[in-house]
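Chains as they are written, first to last, in the working numbering: chain A, 1 to 370; chain B, 1 to 313. Comments concern the structure below.
Okay, structure coming up:
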């Protein structure tokens, strides 16, 4: 039973994740049945609500943008053998950094957007780098430290929003509006520039940034010297030392990159849509990033595909909450949880199931001959 | 006035420590056997929901307690199956447990009661209230003896945990499994069996803690009502260096900080001015980071924690 499972590469990369996705949806279907709704209706509403027209497709892609960023963040750390569950905190700090820069630094208008992105990345990187440093040089466990950093980030942002950044006249814990020059243009505005008529939605140019980030992560991990070092440390830290790679500095660098990527979530949500810093804007996207990275097998292409799926679930789930009031958007959290369980923790089980199916198929013709 | 204030603070410290204590001891059992438990928060939450919902339906908080323990143990078994039988990643499994609990309680709660995931308010026998009527007694006696059954049960878990782990054969074997599973296996004792029992005990303890949150501390379930208590318990476990009595101390300390942060809301302290509530809320997390980084003392987890055991053939 514990013999190493050898599968063809395509099966390992595509079939096993697909099987766990299907299994996760079956479980979600059971939950729907349990609360007395019809899974088929739910599926129809989900698909139509997320892809049915250009408007909903725009929202689907907006959510997918968030997941690409957080999924890439988890994946980069994964390649270095680090389990970064601090995406929420890193994105939150990214939002704080971006807000501080946009509200307090006097910059020419044309620099506002790059400045916001850089500030978000820098703050996110810092919030990832510290746990990385503590693991590499002080021996504390990255998982526990990033959990604690999530809570610290959340408490810090509440403090800043309630006591420091909120204008004295406002009741809500949120900053004033960012300068208009920092608004990331929405896709329908960009489309209008080149004569395309796109439906209005929250979708903004951050999607392009996310795709560029995915390409850069691919270059970094699979085509660069640093990426090679990261993967070596992830596969075998002892061997890395013999190859002249310092696992310590690789750990710190990988966590910084991971944190910077997670902060992309702040760019999409805050500079692309909210145009101010609000409480809890990360709303669990950081954790869903874990499911996205696991499903995408740590590869940027897989992550983009998994992000699209989760984008569909988020947008479809919002429609679902209208159409079937018994089901809230928290259904996505359930599906995310099941997916993390299946694609992450029970990975070996699904591999063996698929391998078993392969072995069964290979044996059949022999049995017929006999 | 001063004294009443102090007693009130002591009482809320006690009440707020109880869920932490249950979860912390749960984590202690699990991690002492070598199974890391990030899913304490999820198990508390699902137990709080199951307890409140069952208690509302049956009218008895005791049925609620049983349901809470059942739900939490079920989740513990999922974690056990993934991390013991399937040798999956224990941390990934714990994260999944947390997300599952957060999602399921909100979805099911909303579907059943249509109040945004809340259960209807519990009253009378649907709640765990004071075991003895102490309303006539002096305040100090009230604080000590006017608590609910679950408070005393949770406090009893401390000597129980200490005794079983330190003094019994089962406890010795369980600790050995967390340090060197191969040795236990060689002695012909089932690593799997020991780890499953530890994980189940963790489920039961979290169930008690969750039931207390849902039916004792407050009158009903509110989505995400555990609000990070499972993670604070994890921090307390590290503080206690995986030992039972220090776990009690750490939980009381963190419970005190929570009680203090509630009391200090908007209060001016002479010489300091108004202390931001967030500064006190952040303390357990910050202290854990500092402790883990070895700046004060060292927290060394059981040696085999997090490593699935592969039997040699």
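Beta carbons are placed, not taken as given, at the ideal position from N, Cα and C, and that holds for glycine.
Who are the neighbours of residue i on chain A, taking C-beta pairs under 8 Å?
i	result
residue 83(B)	345
residue 134(B)	Result: empty, since nearest Cβ-Cβ is about 36 Å, beyond 8 Å.
residue 103(B)	330, 331, 332, 333, 334, 335, 336, 337
residue 238(B)	144
Since residue i meets chain B, which of its residues come closer than 9 Å, beta carbon to beta carbon?
i	result
residue 138(A)	292, 293, 294, 295
Between the options, which has its C-alpha nearest residue i's C-alpha?
i	options	result
residue 217(B)	9(B), 18(B), 2(B), 10(B)	18(B)
residue 344(A)	19(A), 242(A), 325(A), 239(A)	19(A)
residue 145(B)	190(B), 271(B), 131(B)	131(B)
residue 217(A)	49(A), 293(A), 36(A), 334(A)	293(A)
residue 206(A)	244(A), 158(A), 295(A), 113(A)	113(A)
residue 99(B)	75(B), 241(B), 87(B)	75(B)
residue 53(B)	261(B), 87(B), 92(B), 121(B)	121(B)
residue 186(A)	262(A), 265(A), 272(A), 133(A)	272(A)
residue 275(A)	64(A), 353(A), 180(A), 200(A)	180(A)
residue 188(A)	42(A), 57(A), 35(A)	57(A)
residue 99(A)	122(A), 237(A), 88(A), 283(A)	122(A)
residue 352(A)	65(B), 114(B), 86(B), 260(B)	86(B)
residue 261(B)	250(B), 172(B), 275(B), 167(B)	275(B)
residue 9(B)	116(B), 253(B), 284(B)	253(B)
residue 201(A)	54(A), 337(A), 93(A)	54(A)
residue 288(A)	232(A), 158(A), 63(A)	63(A)
residue 265(B)	277(B), 271(B), 256(B), 255(B)	277(B)
residue 209(A)	38(A), 266(A), 140(A)	266(A)
residue 152(A)	349(A), 14(A), 36(A), 88(A)	88(A)
residue 90(B)	288(B), 118(B), 305(B)	305(B)
residue 81(A)	341(A), 284(A), 229(A)	229(A)
residue 299(A)	240(A), 78(A), 279(A)	78(A)
residue 170(A)	156(A), 350(A), 15(A), 278(A)	278(A)
Cβ closer than 7 Å: which chain A residues qualify as neighbours of residue i?
i	result
residue 263(B)	Chain A residues near residue 263(B): none, gap ~17 Å exceeds 7 Å.
residue 99(B)	287, 333, 336, 337, 340
residue 269(B)	Going along chain A, no residue has its Cβ under 7 Å from residue 269(B), so there is no contact; the nearest lies around 16 Å.
residue 228(B)	151
Taking C-beta pairs closer than 7 Å, name the residues in chain B that residue i reaches, listed in chain order.
i	result
residue 152(A)	282, 285, 286
residue 349(A)	86
residue 159(A)	276, 278
residue 163(A)	276
residue 303(A)	What residue 303(A) touches in chain B: nothing, since even the nearest Cβ is about 16 Å away.
residue 83(A)	91
If I follow the unbroken alpha helix (DSSP H) through residue i, where does it start and stop?
i	result
residue 79(A)	54 to 79
residue 329(A)	That residue, residue 329(A), is in no alpha helix (DSSP H); it is neither H nor E in DSSP.
residue 188(A)	187 to 193
residue 229(B)	229 to 239
residue 276(B)	Per DSSP, residue 276(B) belongs to no alpha helix (DSSP H) and is neither H nor E.
residue 34(A)	16 to 34
residue 163(A)	Premise fails: residue 163(A) is in no alpha helix (DSSP H) and is neither H nor E.
residue 114(A)	112 to 138
residue 285(A)	285 to 295
residue 169(A)	Counting along the chain, residue 169(A) falls outside any alpha helix (DSSP H), and DSSP gives it neither H nor E.
residue 95(A)	87 to 104
Please list, in chain order, the chain B residues whose beta carbon lies closer than 8 Å to that of residue i.
i	result
residue 147(A)	38, 231, 234
residue 326(A)	110, 111, 114
residue 290(A)	92, 95
residue 155(A)	278, 281, 282, 285
Give a yes or no on whether the C-beta atoms belonging to residue i and residue j are separated by under 9 Å.
i	j	result
residue 50(B)	residue 206(B)	no
residue 347(A)	residue 220(B)	no
residue 214(B)	residue 64(B)	yes
residue 331(A)	residue 31(A)	yes
residue 11(A)	residue 324(A)	no
residue 76(A)	residue 257(A)	yes
residue 55(B)	residue 127(B)	yes
residue 178(B)	residue 31(B)	yes
residue 16(B)	residue 250(B)	no
residue 239(B)	residue 291(B)	yes
residue 137(A)	residue 248(A)	yes
Run down chain A in chain order and give the residues with a C-beta less than 9 Å from the C-beta of residue i.
i	result
residue 108(B)	31, 34, 35
residue 289(B)	130, 131, 134, 140, 144, 145, 148, 149, 152
residue 93(B)	340, 341, 344, 345, 346
residue 23(B)	Result: empty, since nearest Cβ-Cβ is about 14 Å, beyond 9 Å.
Ignoring anything shorter than 4 residues or poking outside the segment 242 to 269 of chain A, list the alpha helix (DSSP H) runs there in chain order. Taking 4 residues as the shortest admissible run, the segment 242 to 269 of chain A contains the following complete alpha helix (DSSP H) segments, listed from N- to C-terminal end: 247 to 262.
Which ranges would you report for the alpha helix (DSSP H) in the segment 148 to 205 of chain B if only whole runs of at least 4 residues count? 149 to 167, 169 to 179, 181 to 186
Sequence ranges, beta strand (DSSP E) only - wholly within the segment 29 to 111 of chain B, length at least 3: none
For the segment 189 to 235 of chain A, list the alpha helix (DSSP H) runs that are entirely contained and at least 4 residues long, ordered along the chain. 206 to 223, 225 to 235
May I have a chain-ordered list of the alpha helix (DSSP H) segments no shorter than 4 residues that lie completely inside the segment 237 to 263 of chain B? Whole alpha helix (DSSP H) segments, 4+ residues: 244 to 263.
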